[in-house]
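Taking it in order: structure first as structure tokens, then the write-up.
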Amino acid sequence: MPKPVAIGWPPGCAAEFSVSLTVHFRTFGCKLNQLESESLAAAFAAAGADVWPRSGPSDMTLCDPDDDSGGSVASISGDQGSPAGFSRAVAASAEVHVFNTCTVTSKAEQKARREIRLAARRNPAALLLVSGCYAQLEATAIAALAPRVVVVPGDDKARLHGLAECLAAAAADRLDLYEAAVHWLAAPASSGDRFAFAPTAFRFHSRPSLKIQDGCDNRCAYCRVCLARGPSVSLEPTRLLERVRALEAAGAPEIVLTGVNLSQYRAVGLDFSALLGWLLAETDRVAFRISSWEPDRVDDAFLAVFSASRVRPHLHLAAQSGSDVTLRAMGRHYGAARLLAAVADLRRVKVDPFLGADLICGFPGETDAQFGQTLALAEQADFAWIHAFTYSPRPGTAAAKLLDQVPPYQAVVRTARLTALADSGRRRFAARRLGAKLEAVLERAGAGAASGWPAFRGHLVPAAPSRQPPIGPAATGWRVAVSADYLKIAVRQVPPGQQGALRVLVDTIVPEVLPPGIDLSAGILGAASR
Numbered sequence: 010m011p012k013p014v015a016i017g018w019p020p021g022c023a024a025e026f027s028v029s030l031t032v033h034f035r036t037f038g039c040k041l042n043q044l045e046s047e048s049l050a051a052a053f054a055a056a057g058a059d060v061w062p063r064s065g066p067s068d069m070t071l072c073d074p075d076d077d078s079g080g081s082v083a084s085i086s087g088d089q090g091s092p093a094g095f096s097r098a099v100a101a102s103a104e105v106h107v108f109n110t111c112t113v114t115s116k117a118e119q120k121a122r123r124e125i126r127l128a129a130r131r132n133p134a135a136l137l138l139v140s141g142c143y144a145q146l147e148a149t150a151i152a153a154l155a156p157r158v159v160v161v162p163g164d165d166k167a168r169l170h171g172l173a174e175c176l177a178a179a180a181a182d183r184l185d186l187y188e189a190a191v192h193w194l195a196a197p198a199s200s201g202d203r204f205a206f207a208p209t210a211f212r213f214h215s216r217p218s219l220k221i222q223d224g225c226d227n228r229c230a231y232c233r234v235c236l237a238r239g240p241s242v243s244l245e246p247t248r249l250l251e252r253v254r255a256l257e258a259a260g261a262p263e264i265v266l267t268g269v270n271l272s273q274y275r276a277v278g279l280d281f282s283a284l285l286g287w288l289l290a291e292t293d294r295v296a297f298r299i300s301s302w303e304p305d306r307v308d309d310a311f312l313a314v315f316s317a318s319r320v321r322p323h324l325h326l327a328a329q330s331g332s333d334v335t336l337r338a339m340g341r342h343y344g345a346a347r348l349l350a351a352v353a354d355l356r357r358v359k360v361d362p363f364l365g366a367d368l369i370c371g372f373p374g375e376t377d378a379q380f381g382q383t384l385a386l387a388e389q390a391d392f393a394w395i396h397a398f399t400y401s402p403r404p405g406t407a408a409a410k411l412l413d414q415v416p417p418y419q420a421v422v423r424t425a426r427l428t429a430l431a432d433s434g435r436r437r438f439a440a441r442r443l444g445a446k447l448e449a450v451l452e453r454a455g456a457g458a459a460s461g462w463p464a465f466r467g468h469l470v471p472a473a474p475s476r477q478p479p480i481g482p483a484a485t486g487w488r489v490a491v492s493a494d495y496l497k498i499a500v501r502q503v504p505p506g507q508q509g510a511l512r513v514l515v516d517t518i519v520p521e522v523l524p525p526g527i528d529l530s531a532g533i534l535g536a537a538s539r
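Heads up: the sequence shown begins at 10 in the working numbering, then just goes up one per residue.
In structure tokens:
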């Protein structure tokens, strides 16, 4: 029997078995964070680690998971010296948790703190790597959350690609992962490439994203992302095209172009609209989806490229408010009339596109009348999706210093009212899909479909995947045909239920036109959107 070797347990703990590296990812916030997590996951997988989106076979709770007080860890006992409650399978894994954090709201930061504490309680031996915007701004506070936390500021996030190989080697040699990470990160390193995040295989999302821009030159009164990510920078067009072609060659039917503020893309004399037009001219098949956009940048040049057939009919607008007074206080550069004009222009060049919006409730000084203007704008714009969130003061921002803060309970009530309006907008958008022929990207088949995860995705309506999709007469009447890389879906009936109006199911498929290798034995395949 081999000699017991410590693999990073607290003092006195040991294991007698081979060690594998398991890495859990927890991503908060924007699509850019999601893309960066995908890239880091690919690096760990290439180094031989088992990668999980959040939790996996070693995810075992030692204490109350709902306790966010940072309470005590379960006692350590037993002949093997492993924490009470852990199985041999758990101890046989050198475990890493990667937290890619967000600082947009105080709630996002609170969630990150809770998840970090929870991971530390579940496995006191695990290495906890924390990066992202929150880590960039509050490294000291985060490092104090648990003993084995290593903070990698957002500016250094790209270094985690190299750390993956270091930790895999440390696990193979049964070295302490925390000490290995601290030692490796202490070595001098040149400033990282902000655009080093370029995976061609995606583990957590079916639709690939491409980071083309980072940072922001705006100084909106409520936002400190500009403090975390710095000024706007853009990926050079030739590098960008190389990555688009690589994704296209890998079989991606569509690519999500993402960044902190895409409207600030500038490189080699190209703005975003010119860039997208050039990408369309230089590619043959792949479609493009724009992650988000500023309302005041919906101009003729943007509308021209948005109208292209290979640009998906989907756009999320950073609207923030429907009150001119509030928008000025926020430091935004448009009013409600400009926002509504942008919505009308987008619908003029695309037939009923999926239009979403960010709207903040309870910004300092917002009166009931001004919030009513936001409700009126949201109703008039008839958004298919609204991300309604409650304002929270962010350290270092101009709005945090304002004296006329809206009482939190009042801001929450306003958010609830806007969310109710958003729900009705989603249902109206779903109702307009009845009988329509829509394009949807083939995402998963076989085992994924059997589990009820989305098999097809179009520009329908948001719906959380369910492992138990409804099956019954109300889910019938759908026909699907394949054209190139897309599926033509004829929507005949929206299934009822709690989220019925927001989910699309497919139970009739035209086998003769399906791509080879698609498994139809699973029965009903789910479809969701956005």
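All C-beta atoms in this analysis are idealised placements derived from N, C-alpha and C, irrespective of residue type, glycine included.
Neighbour-count burial assignment, residue i, 16 or more Cβ in a 10 Å radius
i       : result
Asp-223 : buried
His-33  : buried
Arg-403 : buried
Val-320 : buried
Lys-120 : buried
Thr-376 : exposed
Gly-141 : buried
Gln-389 : exposed
Ala-346 : exposed
Ser-433 : exposed
Glu-188 : exposed
Lys-116 : exposed
Ala-190 : buried
Arg-357 : exposed
Pro-240 : exposed
Ala-353 : exposed
Pro-304 : buried
Arg-294 : exposed
Ala-259 : exposed
Proximity below 7 angstroms, CB of residue i to CB of residue j
i       : j       : result
Ser-300 : Val-265 : yes
Ala-366 : Phe-398 : no
Val-159 : Leu-176 : no
Thr-209 : Ala-255 : yes
Leu-186 : Leu-136 : yes
Ser-46  : Thr-36  : yes
Leu-553 : Ala-327 : Any answer about residue 553 is impossible in this case: the structure gives the chain only from 10 up to 539.
Ala-52  : His-170 : yes
Ser-1   : Thr-406 : With the chain covering only 10 through 539, there is no way to say anything about residue 1.
Tyr-143 : Thr-110 : yes
Pro-373 : Leu-411 : yes
Ala-261 : Leu-289 : no
Lys-220 : Leu-49  : no
Gln-273 : Asp-226 : yes
Gln-379 : Thr-335 : yes
Val-558 : Gly-381 : The requested residue 558 does not occur in the structure, where the chain is confined to residues 10 to 539.
Ala-387 : Leu-430 : yes
His-325 : Arg-298 : no
Ala-205 : Ala-167 : yes
Arg-238 : Ala-207 : no
Thr-267 : Ser-218 : yes
Ala-385 : Tyr-400 : no
Ala-134 : His-106 : no
Ile-395 : Leu-364 : no
Leu-146 : Thr-112 : yes
Pro-162 : Ala-148 : yes
Opposing strand residues paired with residue i [DSSP bridges]
i       : result
Lys-166 : Partner(s): none; Lys-166 has no beta bridge.
Asn-109 : Thr-36, Ser-140
Thr-267 : Lys-220
Trp-394 : Gly-365
Ala-545 : Nothing can be reported for residue 545, as the shown portion of the chain is limited to 10 through 539.
Arg-254 : DSSP lists no partner for Arg-254.
Leu-194 : BP columns for Leu-194 are empty, so no partner.
Thr-399 : Cys-370
Chain D within 7 angstroms of residue i, Cβ atoms only
i       : result
Tyr-231 : Protein chains in the displayed structure number just one, and chain D is not present.
heavy atom of the ligand MN below 6 angstroms from residue i C-beta
i       : result
Ile-395 : Because no ligand of any kind appears in the structure shown, any question about the ligand MN cannot be addressed here.
ask   = Does the segment 227 to 246 come close enough to the segment 118 to 129 that 3 or more CB-CB pairs lie under 8 angstroms?
value = Touching, no, given that fewer than three Cβ pairs across the two stretches are closer than 8 angstroms.
ask   = Using 8 angstroms as the threshold, is the segment 310 to 324 in touch with the segment 336 to 350, meaning 3 or more CB pairs across them?
value = They do not touch, by the three-pair rule.
inquiry  = With three or more beta-carbon pairs closer than 8 angstroms as the criterion, would you say the segment 223 to 233 touches the segment 276 to 290?
reply    = Fewer than three beta-carbon pairs drawn from the segment 223 to 233 and the segment 276 to 290 are found closer than 8 angstroms, and the two stretches are therefore not classed as touching.
ask   = What are the complete beta strand (DSSP E) segments, minimum 3 residues, inside the segment 277 to 324?
value = Listed in chain order, they are 296 to 299.
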